[in-house]
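Student:
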Amino acid sequence: MILQIYIVPTYNCNLRCKKCYSRKHLTKFPNYLSWNKFIDIFRFFELRYNNFSFIGGEPTIWKFINESILFLHNKDKYVTIFTNGIAPLNVMPNNLIINGNNIFNPELKNTIIRNLSFYKNNSAKIRLRFNITENFKKEIIQEAVKLSKKFADSISISILYPIENGINYGKIIFELAAKLYSESIPITISRATPFCLFTQKQRDFLISNCKLKGKCFLPTNSLVINPDGQTIQPCVELYMNHNISELSTNQPKKVFGKDLLKIKSNREIKCNTCEFYLKDVCWGGCLSYPLSDSKIVL
Numbered sequence: 028m029i030l031q032i033y034i035v036p037t038y039n040c041n042l043r044c045k046k047c048y049s050r051k052h053l054t055k056f057p058n059y060l061s062w063n064k065f066i067d068i069f070r071f072f073e074l075r076y077n078n079f080s081f082i083g084g085e086p087t088i089w090k091f092i093n094e095s096i097l098f099l100h101n102k103d104k105y106v107t108i109f110t111n112g113i114a115p116l117n118v119m120p121n122n123l124i125i126n127g128n129n130i131f132n133p134e135l136k137n138t139i140i141r142n143l144s145f146y147k148n149n150s151a152k153i154r155l156r157f158n159i160t161e162n163f164k165k166e167i168i169q170e171a172v173k174l175s176k177k178f179a180d181s182i183s184i185s186i187l188y189p190i191e192n193g194i195n196y197g198k199i200i201f202e203l204a205a206k207l208y209s210e211s212i213p214i215t216i217s218r219a220t221p222f223c224l225f226t227q228k229q230r231d232f233l234i235s236n237c238k239l240k241g242k243c244f245l246p247t248n249s250l251v252i253n254p255d256g257q258t259i260q261p262c263v264e265l266y267m268n269h270n271i272s273e274l275s276t277n278q279p280k281k282v283f284g285k286d287l288l289k290i291k292s293n294r295e296i297k298c299n300t301c302e303f304y305l306k307d308v309c310w311g312g313c314l315s316y317p318l319s320d321s322k323i324v325l
């Protein structure tokens, strides 16, 4: 069952972030989603699903973003907006997922803090998303915890793929998660993450307290609709395009099943001797990127 419909109103953005997936899709989908196409998408899914998300690119620069939130609220749908926090919304969604990394940029910090304060004062539910990179140092962890205590209702932590070799991502994730947990802030490790990045102690803590998982549950947990309103894919990172009409007669598992099976099969080369892979609890993390040799603490 699909838990979330992700609508991409545009792959354009008001920032240029390192490792962003949006630019690779922008050539094929240069235009913005039209209002009529948005209504078509809603009508296609309205009787089956209640959770609608807007993702980008940067959805807040779409001229219909406030109208679409209001429209979905009037239809009793739950709305989530993924945003970098630069352009403020006038209509509050049910949930805001804001890229916390941009707050560490001195040129952007004041703008994002101002918008976070605005959202907080308007009782918006805020989740800060921290993408773990090789630059996530101890002082950034301290700042992330401070910001989370002030603004966040919950936290999402994810490795920013592709993984760089030689970086102890497991240690960084564990240190950040443990500090946030000590402040009683709910945490989710939002992407499937290789279990072999963590020590047994770290892994047990993150599974118990931060929803760490090693398997990607595509295509049963999400579905992405591109700005043309017709092309679908299982997530924004995976370029597996099908037509939305295929969902009229097939479940997403059947539409994307063969594509995803090819990726999972390739994992066996590096993972077939791993106890987590053999127990079917880990497939090497996010299916969107090749496995890395950045191992990895056993």
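Number 213 in the numbering used here belongs to position 186 of the sequence shown; there are no gaps in the numbering. We put the beta carbon where it would ideally sit given N, CA and C, even for glycine. If you're wondering where the values come from, they're calculated on a predicted model, not measured in any experiment.
Hey, how far is the Cα of I113 from the Cα of F178?
Tutor: For I113 and F178, the distance between alpha carbons rounds to 16 angstroms.
Student: Could you tell me how far apart the beta carbons of N122 and R154 are, in whole angstroms, since I believe they sit closer than 8 angstroms?
Tutor: About 7 angstroms; that satisfies the 8 angstroms criterion.
Student: Thinking N39 and E94 are a contact (beta carbons under 8 angstroms), I'd like their distance in whole angstroms, please.
Tutor: N39 to E94, Cβ: 18 angstroms. No contact.
Student: Do you know offhand how far Y146's Cα is from K152's?
Tutor: Spanning the two alpha carbons is a distance of roughly 8 angstroms.
Student: When DSSP labels each residue in this structure, what does C298 get in the three-state scheme?
Tutor: DSSP places C298 in helix when its eight states are reduced to three.
Student: Do V251 and Y33 have their C-beta atoms within less than 8 angstroms of each other?
Tutor: Closer than 8 angstroms, so yes.
Student: Throw me the rounded Cβ distance for the I125 and V263 pair, which I believe falls under 8 angstroms.
Tutor: About 17 angstroms separates the two Cβ atoms, so there is no contact after all.
Student: Identify, in the order they occur along the chain, each residue of the same chain with its Cβ nearer than 6 angstroms to the Cβ of I182, setting aside the five sequence neighbours on each side.
Tutor: Excluding residues within five positions, the ones whose Cβ falls inside 6 angstroms are L155, S175, L207, I212, I214.
Student: With distances taken Cα to Cα, identify the nearest neighbour of Y196 among L42, W89, V282, N158.
Tutor: Cα-wise, what sits closest to Y196 is N158.
Student: Helix or strand or just coil, what does DSSP make of N331?
Tutor: With the chain covering only 28 through 325, there is no way to say anything about residue 331.
Student: Near Q342, what residues of its chain come up, given a Cβ to Cβ distance below 7 angstroms and the 5 sequence neighbours on each side ignored?
Tutor: Here the chain covers residues 28 to 325 and nothing more, so residue 342 does not appear.
Student: Can you give me the start and stop residues for the alpha helix (DSSP H) that S275 sits inside?
Tutor: Looking at the DSSP string, S275 is not in any alpha helix (DSSP H), and its letter there is neither H nor E.
Student: How many whole angstroms separate the CB atoms of E166 and E191, which I take to be in contact at a CB cut-off of 8 angstroms?
Tutor: Wrong, their Cβ atoms sit about 19 angstroms apart, outside the cutoff.
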